[in-house]
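Participant: The number in the working numbering is simply the position in the sequence shown, starting from 1, with 30 added.
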Amino acid sequence: MVIIAEYMEWPKISFWVVTSFITFFVVWYIGWSLIKGRYQKDIREQVHWHILLSNLNKHNLISKEIQFIKQFFSTLDNDGKILIFDSRRHFREILMQYIRENEGMESEQTVNIVQKLFPNKGHDRDVDSLHDLYAGETVALEIDDIHYLGSIIKIYQNEVVLHFEDFKPELHRVGGKSFLYVYRMKSGGYLLEGTVKEFTPDSCVFHYLGHLQLKGQQHLMCNMEAEIIGIPWPIVPKKVSANRIDGTTVKVSDRAISFHAKYPEEMDYKIRRNDLWTIQVRLKEGYKFTCRGTISESTEMKELYICHFLDIQETARKVLFAEIAEHNPVREKLL
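#1: Name, in chain order, the residues that DSSP records as bridge partners for Arg322.
#2: Excluding five sequence neighbours on each side, which residues of the same chain lie with their C-beta closer than 7 Å to the C-beta of Ile176?
#3: Check for me: the alpha helix (DSSP H) holding Phe229 runs from which residue to which?
#4: Can you say whether Glu353 is buried or exposed, counting buried as having 16 or more other CB atoms within 10 angstroms of its CB?
#5: Keeping to the same chain, check which residues put their C-beta closer than 7 Å to that of Pro294; ignore five residues upstream and five downstream.
#6: Okay, do the stretch 204-219 and the stretch 154-162 touch, 3+ Cβ pairs below 8 Å being the bar?
#7: Can you check DSSP and say which residues form a bridge with Thr140?
#8: Return helix, strand or coil for Ala165, following the three-state DSSP convention.
#9: Quick check: the Cα distance between Glu330 and Val77, rounded to an integer number of angstroms?
#10: Measure from the alpha carbon of Thr168 to the alpha carbon of each residue in Gly110, His241, Leu147, then state which is nearest.
#11: Taking Pro359 as the reference, which of Ser283, Ser181, Glu257 has the closest Cα?
#12: Is the stretch 118-134 in contact with the stretch 91-106, if contact means three or more CB pairs nearer than 8 Å?
#13: When the Cα of Tyr220 is compared with those of Lys245, Lys281, Leu86, which residue comes out closest?
#14: Helix, strand or coil for Leu239? Go by DSSP, reduced to three states.
#15: Within this structure, are the beta carbons of Val190 and Phe229 separated by less than 8 Å?
#16: Would you call the CB atoms of Glu257 and Arg312 closer than 8 Å?
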């Protein structure tokens, strides 16, 4: 029995082996925890960005503006991301601070972004005079080829008092020619010509000379018949033909298209089953305009459907503008 006991004795494990095993397990656990934490963080950020992207698309931001917001979003820490979803006021404050600290975006495009994301009481009003502007509106002022982002404090008969965060009055002279840029969601950008009457360290008085022109993103539309195809996105190969939409365009703008469906009796079923669509329209010289968008029935006319663009690229938008320009365009009244 003594001999058997000797053979059954447990093997001896050295202290080095135990230490190595514990060290390996600790390092593996730390590494796994870091990878898991990073993966979960990436997933959260992707979810937050897609929620924000959906909101940007609803406000009709173009691709260049979305890229600017994406860059802004990437600079935020977790608390900052929570704040911009918590309230529109926090979102605006944090975004305006980022805009002031980064000069990558032109002031006129910045006005477009702010007015689209944070529309105020007069955002849908066309501009024919100073009376169509409103206090608190975000604007851009150009003096001597220098652009400033500011806001309107007060409006008089033919003068506007403007406030700026980064104004440099020492670079300018009273009476110098200047331009005031404002933006409206429905009709686009406007440029008002004037002079600057008075300066203070953070404000000036803009005197309007009565000359106004459309500029930048003036949203135009035209009547145009072309073949339009809608394919559910993301694409499920076996279901493409069953869910595909065919039709003929009625009105076309750079933000949306209205069309009549080839099989209107099937439309209600199809648009309820699919949220996003890949839209294809055959334009002049064989150019195939393609973008993703949503499709809904018009509230004003039976069997008329509206496709709202979500991710139209600048090249496609320019081609579409050129096409619209050749078909007697008018101000957009499509939606």
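Just so you know, even glycine gets a beta-carbon here, dropped at the ideal spot from N, CA and C.
Facilitator: Reading off the structure:
#1: The residue labelled residue 322 in the question sits at position 292 within the sequence shown. Thr308.
#2: Taking the sequence shown and counting its residues from 1, the one referred to as residue 176 is at position 146. Around Ile176: Leu201.
#3: To locate residue 229, count along the sequence shown from 1; it is residue 199. Per DSSP, Phe229 belongs to no alpha helix (DSSP H); it is in the beta strand (DSSP E), 218-230.
#4: Start at 1 with the first residue of the sequence shown, and residue 353 comes out as number 323. Buried, since its Cβ has 16 or more Cβ neighbours within 10 Å.
#5: As a first step, residue 294 is located in the sequence shown; it is residue number 264 there, counting from the start. Cβ neighbours of Pro294 beyond the five flanking positions: Glu333.
#6: yes
#7: For the purposes of this step, residue 140 is taken as the residue at position 110 of the sequence shown. Answer by DSSP bridge pairing: none, since Thr140 is not bridged.
#8: As a first step, residue 165 must be located in the sequence shown, where it is residue number 135. Coil.
#9: To locate residue 330, count along the sequence shown from 1; it is residue 300. To locate residue 77, count along the sequence shown from 1; it is residue 47. Their Cα atoms are separated by approximately 35 Å.
#10: Walking along the sequence shown from the start, residue 168 turns up at place 138. It is Leu147.
#11: Taking the first residue of the sequence shown as 1, we reach residue 359 at position 329. If we check each option's Cα against that of Pro359, Ser283 comes out closest.
#12: yes
#13: Translated into positions along the sequence shown, residue 220 becomes position 190. The shortest C-alpha separation from Tyr220 is found at Lys245.
#14: Counted from its first residue, the sequence shown places residue 239 at position 209. It is a strand residue.
#15: Residue numbering aside, residue 190 sits at position 160 when the sequence shown is read from its first letter. Residue numbering aside, residue 229 sits at position 199 when the sequence shown is read from its first letter. It is not a contact, given that the beta carbons lie outside the stated cut-off.
#16: Here residue 257 is taken as the residue at index 227 of the sequence shown, counted from 1. Here residue 312 is taken as the residue at index 282 of the sequence shown, counted from 1. The answer is yes: Cβ separation under 8 Å.
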